[in-house]
Amino acid sequence: MAYRPALLSTLRAGYGRREWFADVFAGITVALVALPLAMAFGIASVPANVAQELAARGNGLTPPAIGLYTAIVAGLLISIFGGSRVQIGGPTGAFIVIVYGVAARHGYDGLATAGMLAGIMLVVMGVCRFGAIIKFIPYPVTTGFTAGIAVIIATSQIADLMGLALRDAAGHAIAQPPEFLHKIGVLAHSVSTLNWYALGLGLGTTALIITLRRYAPRVPGPIVAIVLASTVATLFALPVDTIGSRFGALPHTLPIPHLPTFDWATVRDLLPDAGTIAMLCAIESLLSAMVADGMTGDRHHSDSELIGQGIANVGAAMCWGLPATGAIARTVTNIKSGAASPVAGVIHALALVAFMLLAAPLAQSVPLAALAGLLLVVAWNMSEARHFMALLKAPRSDVAVLVMTFGLTVLVDLTVAVGFGVVMAALLFMKRMAEVSGVESFDREASQREPVADPDAPPPLLPDEIPPRVAVFELRGPFFFGVADHLLDVVQRIDKPPLIFVLRMRQVPAIDATGLRALERVLDACKRGGTRLLVSGVQPAVGTALQRSGLHDKIGADCFFLHVRAALAHARTALSAADAPRATARD
């Protein structure tokens, strides 16, 4: 494949002062939006036990810090090595569920290993040109698990939004459980600990972000709302949890790169999670790149984008980060701010470094309720509620895929939901293909109802054109394992075997191994019954498959015809030749 990073292509095409100033402005603007989001995603992705594990290692390793590390390292690498000119990468809401689960089960070391494995998978996917294949994941599946993730994110933020002190049914203080139903029960038991100050800050943050987005879209709403909430909480000394009170000080330096610990048992356990992370990263990053293309008129290189995403996830895992991908909201902000090239993404990462080094003490005063309010906006945007409701009016099979994927994401596990959704959608697709494919006897009724799609095409085959002792059957649609048995059933139902069997294949665009085997069995049945098999209208792809399988030679090159009338003409000649000795004997 041709690896084409967008940064290199842009610089080769020419890069001047005008583009530089546009990229600097866009990069700083996006950094202002990304700063609170990165910290919020870090906090939401890391369970309490893992936060304690990180704190014990020192060096300022806290959940908000690793969110910032991810935005800096992954954002920088995605802009340098990715295939989109304006893509902004970093931690996103889509990963919160899977990251939280992996960290809870395997600790941060396991999460870093899964992230690195996912990065390697993404590079392999890009090298193998899987960029286009990702587009075939069904829309109900992506909508279902995205909406499910949004519900989980929203419910996971209720405790911080309301300032709850979580308790179980016996009144004992506990950490927030990852299971959805258990979490709802704990929240219900903890409602009596509601902190009205926290709730006011959280809802105020949400309302301000929504208002600014509507009436002042160029203003970086998240940073404005977070700064205002922090100012109010500090000035009035409100009794609410902040980043500093729960996690301590943010680091003043970047982390020292390290390699996660690898052992075969851990890798084996983490492969399913790594596969889910890689798949989610590929889907979201390419979707974000497609949105960017629609806004800019540019065209991203999907395979190069996957390679860039893979490199970024390996880098994030080595720098105490989280899995990362292309972020649609930040990419759109980048475009609307006038970004001209991937340099804007590089500036965004460098600006985050500057913010972290210079403003780390100020970040400690950010109320967790305000970050929860920000994540509620993120969850609502992720849910795509309008699209979800519209899909409920789709065919029932699509609705089933949507609802099952959504339900499994919320109640069971994202890995299970994605796998089940893809498999179920694939089975339904095969069922639909089997419904539109089939075998028809070309009798008088079928001949009369055959449509003429092209006025320049030959006229429909008439019943009188079919000689006696000749049977014509037509295959329609892809001839694959879902419909191959239909041909065998039809052939076996023939009471009196004809002398010549014409198989019309003009409407068969593809054939698989099961279809080839079915044709071979039909050929064997014809030979046993003394019937000659003729084939017409074979398309190039099907002809190639017949050649490779050896079936073309078994049937005989002289038994293939371009169209059915040529096959019938050959059948008449063969019948006349067979009848001639009988007529001579009677005379």
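Going by our numbering, the first residue of the sequence shown is number 1272, and it counts up by one from there. Each residue gets a CB set at the ideal place from its N, CA and C atoms; glycine is no exception.
Identify every residue that forms a DSSP beta bridge with residue i.
i, result
"Glu1745", "Glu1711, Arg1775"
"Ile1369", "Bridge partners of Ile1369: none, in fact."
"Leu1472", "Beta-bridge pairing links Leu1472 to no other residue."
"Val1806", "Leu1774, Phe1831"
"Thr1596", "Gly1361"
"Phe1750", "Ile1782"
"Ala1848", "DSSP, once it has assigned bridges, lists no residue as partnering Ala1848."
"Ala1374", "According to DSSP, which records beta bridges pairwise, Ala1374 is partnered with nothing at all."
"Ala1444", "Arg1438"
Taking 7 Å as the limit between beta carbons, can you name the residues of its chain near residue i, skipping five residues before and five after?
i, result
"Leu1347", "Val1617, Ala1620"
"Met1433", "Leu1465, Asn1466, Ala1469, Leu1470"
"Ala1842", "Pro1738, Val1741, Ile1771, Val1773, Leu1805"
"Met1550", "Val1689"
"Ala1611", "Glu1290, Ala1293, Asp1294"
"Ile1436", "Per the sequence shown, the amino acid found at residue 1436 is Ala instead of Ile. Counting only Cβ-Cβ distances below 7 Å, and skipping sequence neighbours, we find Ala1444, Ser1461, Thr1464."
"Leu1282", "none"
"Gly1814", "none"
"Arg1570", "Asp1564"
"Ala1273", "none"
"Ile1429", "Leu1458"
"Ala1389", "Ala1545, Ile1548, Ala1549, Cys1552, Asn1584, Pro1594"
"Ile1554", "Ile1405, Ile1408, Thr1413"
"Ala1650", "Gly1364, Ala1421, Ile1424, Ala1425"
"Tyr1286", "Ser1612"
"Phe1659", "Thr1414, Ala1418"
"Cys1830", "Leu1804, Leu1805, Val1806"
Taking residue i and residue j to be in contact with their CB atoms under 8 Å, please state how far apart those CB atoms are, rounded to whole angstroms.
i, j, result
"Val1412", "Ala1588", "In fact, because the Cβ distance is near 27 Å, the residues do not count as touching under 8 Å."
"Gln1522", "Ala1315", "The residue asked about is misnamed: residue 1522 is Pro in this sequence, not Gln. That belief does not hold up - the Cβ atoms of Pro1522 and Ala1315 are roughly 19 Å apart, past 8 Å."
"Gly1364", "Ile1408", "About 19 Å separates the two Cβ atoms, so there is no contact after all."
"Pro1276", "Ser1575", "6 Å"
"Leu1679", "Val1670", "Contact doesn't hold; Cβ gap of about 15 Å is too wide."
"Gly1372", "Leu1593", "The Cβ separation is near 13 Å, so there is no contact."
"Gly1748", "Met1701", "So it is not a contact: roughly 12 Å between Cβ atoms."
"Ala1563", "Ser1355", "6 Å"
"Trp1591", "Tyr1340", "5 Å"
"Ala1297", "Ala1615", "4 Å"
"Gln1810", "Val1779", "6 Å"
Who are the Cβ neighbours of residue i in its own chain at under 6 Å, not counting the five residues just before and after it?
i, result
"Val1301", "Ile1359, Arg1601, Thr1604, Asn1605, His1619"
"Thr1676", "Val1412, Gly1415, Phe1416, Ala1688, Gly1692"
"His1443", "none"
"Leu1699", "Ser1668"
"Met1396", "Leu1577"
"Pro1768", "Gly1800, Thr1802"
"Ser1654", "Ala1418, Ala1421"
"Ser1573", "Gly1402, Leu1557"
"Phe1777", "Here residue 1777 is Arg; the residue named in the question, Phe, does not match the sequence. The answer, listed in chain order, is Gly1808."
"Phe1366", "Pro1594"
"Gly1331", "Pro1522"
"Gly1786", "Phe1750, Phe1751, Ala1755"
"Ala1322", "Pro1334"
"Met1627", "Leu1339"
Can you name, in chain order, every residue of its own chain whose Cβ lies under 8 Å from the Cβ of residue i, other than the five neighbours on each side?
i, result
"His1377", "Thr1384, Ala1385, Thr1537, Asp1540, Leu1541"
"Asp1512", "Asp1431, Gly1434, Ala1469, Pro1638, Leu1639, Ala1640"
"Ala1724", "Confidence is the limiting factor: at Ala1724 the pLDDT is only 46, short of 50, which leaves the residue's position unreliable, though a coordinate-based value still follows. Once the five neighbours on either side are set aside, Ala1724 has no close Cβ partner at all."
"Arg1438", "Ala1444, Ile1445, Val1457, His1460, Ser1461, Thr1464"
"Thr1532", "Asp1380, Thr1384"
So which of the options has the shortest CA-CA distance to residue i?
i, options, result
"Ile1391", "Gln1810, Leu1557, Gln1580", "Gln1580"
"Ala1784", "Gln1428, Gly1800, Val1762, Gly1821", "Gly1821"
"Thr1477", "Leu1647, Ala1837, Gly1361", "Leu1647"
"Asp1795", "Lys1825, Leu1530, Ala1812", "Lys1825"
"Gly1546", "Leu1382, Ala1816, Asp1534", "Leu1382"
"Pro1318", "Ile1445, Gly1808, Thr1482, Ile1299", "Ile1445"
"Leu1279", "Cys1830, Pro1613, Ala1671", "Pro1613"
"Val1707", "Val1674, Glu1736, Val1754, Asp1684", "Val1754"
"Ile1497", "Leu1306, Ala1273, Leu1787", "Leu1306"
"Val1681", "Ile1369, Ala1297, Ala1273", "Ile1369"
"Ala1327", "Tyr1379, Ala1297, Pro1362", "Tyr1379"
"Pro1362", "Val1304, Phe1352, Asn1320", "Val1304"
"Pro1448", "Arg1485, Ala1375, Arg1517", "Ala1375"
"Met1566", "Ile1582, Gly1609, Leu1525, Thr1596", "Gly1609"
"Leu1530", "Ala1487, Phe1451, Val1649, Met1387", "Met1387"
Any C-beta of chain D sitting closer than 9 Å to the C-beta of residue i?
i, result
"Asp1756", "The displayed structure is made up of one protein chain only, and chain D is not part of it."
Complete runs of the alpha helix (DSSP H) confined to the segment 1389 to 1439 [at least 4 residues]: Unbroken alpha helix (DSSP H) runs of no fewer than 4 residues, entirely contained in the segment 1389 to 1439, are found at 1410 to 1427, 1429 to 1433, following chain order.
Secondary structure, alpha helix (DSSP H): runs of 4+ residues fully inside the segment 1499 to 1586: 1514 to 1518, 1535 to 1567
Within the segment 1628 to 1665, ranges of the alpha helix (DSSP H) (whole runs, at least 4 residues): 1639 to 1654, 1656 to 1662
Those runs of the alpha helix (DSSP H) which lie wholly inside the segment 1294 to 1354 and span at least 4 residues: 1319 to 1328, 1334 to 1352
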